[in-house]
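Under UniProt numbering, the first residue of the sequence shown carries the number 1, and numbering increases by one thereafter.
We treat Cβ as the ideally placed atom computed from N, Cα and C, and that holds for glycine.
Given the structure is predicted, the values throughout are model-derived calculations rather than measurements.
A short write-up of the structure that comes next.
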Amino acid sequence: MKLLQELYANGILSDQTKKQLEDEIEKSGKTEEDVILEKKVIPEDSLFELKSRVFRVPFKKIKEEEVPIEVLELIPEEAVVNYKMMALSRNENFVEIGMVYPEDIIAQNALRFLANQQKFDYKVYLISISNLQDLLKQQKNISAETKRALEQYNKEGVKIVESAQKKAPDKMLGSEEAPIIKMVFVILSHAIEGRASDIHIEPGRERLNIRFRLNGILHPSLFLPIRVHPSIVARIKILSSLKIDENRVPQDGRFSVKIGEKEIDFRVSTFPTLYGEKVELRVLDPSAGLRSFEELGLEGRDLEVVKLAIKKPYGLVLFTGPTGSGKTTSQYAILRVLNQDSVNIITIEDPIEYSIAGVNQSQVKPQIGYTFANGLRQILRQDPNIIMIGEIRDEETADLVVNAALTGHVVLSTLHTNSSVGVVPRLIDMGVRPFLIPSALRIIISQRLVRTLCKKCKVKIRPIGEVLSYLTKKIKTLPAPVRQELKLTEPFFIYQTKGCDECNFTGYKGRSGLYEVLSMTEEISRLILKGSTEGAIFEMAQKQGMLAMEQKGILKILSGQTSVEEVIRVVGGKQ
Numbered sequence: 001m002k003l004l005q006e007l008y009a010n011g012i013l014s015d016q017t018k019k020q021l022e023d024e025i026e027k028s029g030k031t032e033e034d035v036i037l038e039k040k041v042i043p044e045d046s047l048f049e050l051k052s053r054v055f056r057v058p059f060k061k062i063k064e065e066e067v068p069i070e071v072l073e074l075i076p077e078e079a080v081v082n083y084k085m086m087a088l089s090r091n092e093n094f095v096e097i098g099m100v101y102p103e104d105i106i107a108q109n110a111l112r113f114l115a116n117q118q119k120f121d122y123k124v125y126l127i128s129i130s131n132l133q134d135l136l137k138q139q140k141n142i143s144a145e146t147k148r149a150l151e152q153y154n155k156e157g158v159k160i161v162e163s164a165q166k167k168a169p170d171k172m173l174g175s176e177e178a179p180i181i182k183m184v185f186v187i188l189s190h191a192i193e194g195r196a197s198d199i200h201i202e203p204g205r206e207r208l209n210i211r212f213r214l215n216g217i218l219h220p221s222l223f224l225p226i227r228v229h230p231s232i233v234a235r236i237k238i239l240s241s242l243k244i245d246e247n248r249v250p251q252d253g254r255f256s257v258k259i260g261e262k263e264i265d266f267r268v269s270t271f272p273t274l275y276g277e278k279v280e281l282r283v284l285d286p287s288a289g290l291r292s293f294e295e296l297g298l299e300g301r302d303l304e305v306v307k308l309a310i311k312k313p314y315g316l317v318l319f320t321g322p323t324g325s326g327k328t329t330s331q332y333a334i335l336r337v338l339n340q341d342s343v344n345i346i347t348i349e350d351p352i353e354y355s356i357a358g359v360n361q362s363q364v365k366p367q368i369g370y371t372f373a374n375g376l377r378q379i380l381r382q383d384p385n386i387i388m389i390g391e392i393r394d395e396e397t398a399d400l401v402v403n404a405a406l407t408g409h410v411v412l413s414t415l416h417t418n419s420s421v422g423v424v425p426r427l428i429d430m431g432v433r434p435f436l437i438p439s440a441l442r443i444i445i446s447q448r449l450v451r452t453l454c455k456k457c458k459v460k461i462r463p464i465g466e467v468l469s470y471l472t473k474k475i476k477t478l479p480a481p482v483r484q485e486l487k488l489t490e491p492f493f494i495y496q497t498k499g500c501d502e503c504n505f506t507g508y509k510g511r512s513g514l515y516e517v518l519s520m521t522e523e524i525s526r527l528i529l530k531g532s533t534e535g536a537i538f539e540m541a542q543k544q545g546m547l548a549m550e551q552k553g554i555l556k557i558l559s560g561q562t563s564v565e566e567v568i569r570v571v572g573g574k575q
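Okay, structure coming up:
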């Protein structure tokens, strides 16, 4: 009983407790691990880290969605249950195997037999009991459901598409439906359960790849036979009211499905590729999309500047950042604050992501000539107080937006630039006269999203080496009042990822915004009118209290919200 002996040697168990546990193991026939965990002597992760040292087998934690179904199925379910082992990853003929009991000779013999049978080499890792159970649950759930659907699909063949076409597009997906419909439902429901923001259905030469985007990172989830691809695409097109027989050009649509107790919207985009149509589904969960400023991560000076700006009776509020940086969600947060019975709010979006009660929302339709510019002209005849334009894409829209902001309207919109100060030259390039910009613009909000550390398992550490050097250098760039407010002492601490069942062993759970908020002050207005460079405008904004995006990232690192690696990944800084 090596684990009990090690716990005793480390002073965790007394003589009496050790003897009691040994007696219970002998009488019950349970393993050391089971009894130690039942008695809550130490946490499971600590126990298996100890076991890793005792048996000299590397300990590994892995989340379910990181292991493709085809890898999970390398070891039959019966062997998984009997020998407590599971395939974790595969690279050509080399497989990583997770075992709860690598010391079990019978389990090792069974593994050698399976490896010889399937002709693969392997390396064994130690995994915890709960990690194995999660992987087994994943294998049972998605594998069993898709297998049943595939078996039925193989029997019915091309009739599946005809069967799907007869179903009403708004009919709730359920297990009693045709197999391809069931297969689509499995994909959607697993994306929702895993809190995915996007689903990618990608045809390859030999298989169909399903990937989920979790906290901004894409992960492989499922591989299906390529022969089911046309039927899955057809089903999604039916739900989205798209043309089933058109696969030469991209199409856009949306549909709603009730999963559990939630009504979830999906925005659909198809795109022709070499091996067939790729489908991207954006998951639009209303409960996740409509959030407050504080929930989005806007805080301190930036929060006060935004609140002050949107109280003004007119002016342009511009958001900038790459696709997927949360610009639309931030716009909706402002609309929630401004949405009152006394004002008329009208939006033009492409597409409408979330429905907001009390707001008149409209979607552009370029194919019939209904663009942002045409829609904005009509909006101005609808007696609006507040206007939201999804994006400024051309000179005409830019001119109309600026003029709307100058004629007594609050206007929200987005523009693609890399920073807040980059908005000014971009508007000038789009034909906006420089002297109009200071009068029209209220604030510019540049943003990115960083993954936040899991509160349950994040670990406090003292930075060393390159990390310490990077943080020390960046802290010196912070304004003196901010440094004083931090009250940092030497040595200081930060947090890093560890991983637990709560965050699917990623170390991260959820995302938060990094904001760079530039307010249009008199000094900055004068610089714009003088034709000053971006650098001069940025320097003045910093003197007035604006923090650069990387600086905001440093503050989130020091407050334990995110990690150094995550900030560097998002803002492109260097250690």
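Simplified DSSP assignment, three categories, for glycine 157: The count along the sequence shown starts at 1 and reaches residue 157 at position 157. A caution first: glycine 157 carries a pLDDT of 44, below 50, which makes its placement in the model unreliable, though a value can still be read off. Assigned with DSSP and collapsed to three states, glycine 157 falls in coil, not helix or strand.
Cβ-based burial, alanine 9 [other Cβ within 10 Å; buried from 16]: On the sequence shown, residue 9 is found 9 positions in, with the first residue counted as 1. Alanine 9 is exposed by the Cβ-count criterion.
Cutoff 6 Å; reference histidine 200; Cβ partners in own chain excluding five residues on either side: Walking along the sequence shown from the start, residue 200 turns up at place 200. Arg211 and Glu280.
Alpha carbon of tyrosine 275 to alpha carbon of valine 268, nearest angstrom: Here residue 275 is taken as the residue at index 275 of the sequence shown, counted from 1. Here residue 268 is taken as the residue at index 268 of the sequence shown, counted from 1. About 19 Å.
Contact the stretch 103-122 vs the stretch 65-80: 3+ CB pairs below 8 Å: yes
Other residues of its chain near arginine 291: CB distance less than 7 Å, five sequence neighbours each side excluded: On the sequence shown, residue 291 is found 291 positions in, with the first residue counted as 1. Cβ neighbours of arginine 291 beyond the five flanking positions: Thr329 and Ala333.
For asparagine 82, the nearest candidate out of Asn209, Tyr101 and Lys18 (CA to CA): Locating residue 82 in the sequence shown gives position 82, counting from the first residue. Considering only alpha carbons, the answer is Tyr101.
Contained alpha helix (DSSP H) runs [length at least 4] in the stretch 326-354, N- to C-terminal order: 327-338
Cβ shell of glutamine 561 (< 7 Å), same chain only, five flanking positions each side left out: In the sequence shown, residue 561 corresponds to position 561, counting from 1. The residues are Thr452, Leu453 and Ser512.
Glutamate 263 in three-state terms, based on DSSP: For the purposes of this step, residue 263 is taken as the residue at position 263 of the sequence shown. In the displayed model, glutamate 263 falls within a strand according to three-state DSSP.
Exposure label - serine 342; buried when at least 16 CB within 10 Å: Counting from 1 along the sequence shown, the entry for residue 342 is found at position 342. The residue in question, serine 342, is exposed, as its Cβ has fewer than 16 Cβ neighbours within 10 Å.
Neighbour-count burial assignment, phenylalanine 48, 16 or more Cβ in a 10 Å radius: Residue mapping note: residue 48 aligns to position 48 of the sequence shown, counting from 1. So phenylalanine 48 ends up on the buried side.
Nearest-angstrom Cα separation, counted from serine 419 out to glutamate 566: Indexing the sequence shown from 1 puts residue 566 at position 566. Indexing the sequence shown from 1 puts residue 419 at position 419. Each residue's Cα considered, the two are about 19 Å apart.
Lysine 243 versus phenylalanine 271 - alpha carbon distance: As a working mapping, residue 243 is identified with position 243 in the sequence shown. As a working mapping, residue 271 is identified with position 271 in the sequence shown. Going from the Cα of lysine 243 to the Cα of phenylalanine 271 covers about 13 Å.
Nearest-angstrom Cβ-Cβ length linking glycine 253 and serine 241, presumed shorter than 8 Å: The residue you call residue 253 lines up with position 253 of the sequence shown. The residue you call residue 241 lines up with position 241 of the sequence shown. Right, the Cβ-Cβ distance comes to about 6 Å (below 8 Å), so this counts as a contact.
Residues bridged to lysine 474 [DSSP beta-bridge criterion]: Within the sequence shown, residue 474 is the residue found at index 474, counting from 1. Beta-bridge pairing links lysine 474 to no other residue.
Residues that proline 203 bridges to, as DSSP identifies them: Here residue 203 is taken as the residue at index 203 of the sequence shown, counted from 1. Leu208, per the DSSP bridge assignment.
Inside the stretch 401-489 only - alpha helix (DSSP H) runs reaching at least 4 residues: Taking only runs of at least 4 residues, the alpha helix (DSSP H) segments lying wholly in the stretch 401-489 are 423-429, 437-440, 465-476 and 480-486.
Residues near alanine 115 in its chain [Cβ-Cβ closer than 6 Å; skip 5 each side]: Along the sequence shown, read from residue 1 onward, the residue named residue 115 stands at position 115. Excluding positions up to five away in sequence, the list reads Tyr122.
Residues sharing a beta bridge with glutamine 363, DSSP: In the sequence shown, counting from the first residue as 1, residue 363 sits at position 363. Answer is Glu349, bridged to glutamine 363.
Per-residue DSSP class, three states only, for glutamate 22: As a working mapping, residue 22 is identified with position 22 in the sequence shown. Three-state result, glutamate 22: helix.
When Asn93, Lys2 and Glu33 are compared against phenylalanine 55, the one with the closest alpha-carbon: As a first step, residue 55 must be located in the sequence shown, where it is residue number 55. Comparing Cα positions, the closest option is Lys2.
Interface flag, leucine 308 vs chain C, CB-CB below 8 Å: Here there is only one protein chain, and chain C is not present.
Cα-Cα separation between glycine 390 and valine 364, rounded to whole angstroms: What you label residue 390 is simply residue 390 of the sequence shown in a count that begins at 1. What you label residue 364 is simply residue 364 of the sequence shown in a count that begins at 1. Using only the alpha carbons, I get a separation of about 9 Å.
Separation of threonine 320 from glycine 266, as counted between CA atoms: Counting from one through the sequence shown, the residue named residue 266 turns up at place 266. Counting from one through the sequence shown, the residue named residue 320 turns up at place 320. Reading off the sequence, residue 266 comes out as phenylalanine, not glycine. Their Cα atoms are separated by approximately 24 Å.
Neighbour-count burial assignment, lysine 543, 16 or more Cβ in a 10 Å radius: Taking the first residue of the sequence shown as position 1, residue 543 is located at position 543. Under this definition lysine 543 is an exposed residue.
Whole-angstrom distance between valine 41 and isoleucine 444, CA atom to CA atom: Here residue 444 is taken as the residue at index 444 of the sequence shown, counted from 1. Here residue 41 is taken as the residue at index 41 of the sequence shown, counted from 1. Each residue's Cα considered, the two are about 54 Å apart.
Nearest candidate by alpha-carbon position, reference lysine 262, set Arg433, Glu193, Gln251 and Thr397: Here the question's residue 262 lines up with position 262 in the sequence shown. Nearest C-alpha to lysine 262: Glu193.
Expected contact under 8 Å - CB spacing of glycine 315 and valine 410 to nearest Å: Position 315 of the sequence shown, counted from the start, is the residue given in the question as residue 315. Position 410 of the sequence shown, counted from the start, is the residue given in the question as residue 410. That pair is a contact at about 6 Å.
Where methionine 85 falls: helix, strand or coil (DSSP): For the purposes of this step, residue 85 is identified with residue 85 of the sequence shown, where counting begins at 1. Residue state, collapsed to three classes: strand.
N- and C-terminal bounds of the alpha helix (DSSP H) containing isoleucine 554: Translated into the one-based positions of the sequence shown, residue 554 becomes position 554. Looking at the DSSP string, the run of the alpha helix (DSSP H) that includes isoleucine 554 is 549-558.
Where aspartate 429 falls, given that 16 or more other Cβ within 10 Å makes a residue buried: Taking the sequence shown and counting its residues from 1, the one referred to as residue 429 is at position 429. It is exposed - the Cβ of aspartate 429 has fewer than 16 other Cβ atoms within 10 Å.
Environment of lysine 27 [buried if 16+ CB atoms lie within 10 Å]: Residue 27 sits at position 27 when you count from the first residue of the sequence shown. That one is exposed.
Cβ-based neighbour list, lysine 18, same chain, cut-off 6 Å, excluding 5 preceding and 5 following: Within the sequence shown, the letter at position 18 stands for residue 18. Counting only residues of its own chain and dropping the five nearest sequence neighbours on each side, lysine 18 has a CB closer than 6 Å to the CB of Leu4 and Tyr8.
Buried/exposed call for alanine 480, threshold 16 Cβ in 10 Å: Against the sequence shown, residue 480 aligns to sequence position 480. So alanine 480 ends up on the exposed side.
Alanine 541 burial status per 10 Å Cβ neighbour count (16 or more: buried): Counted from its first residue, the sequence shown places residue 541 at position 541. Buried: at least 16 other Cβ atoms inside 10 Å.
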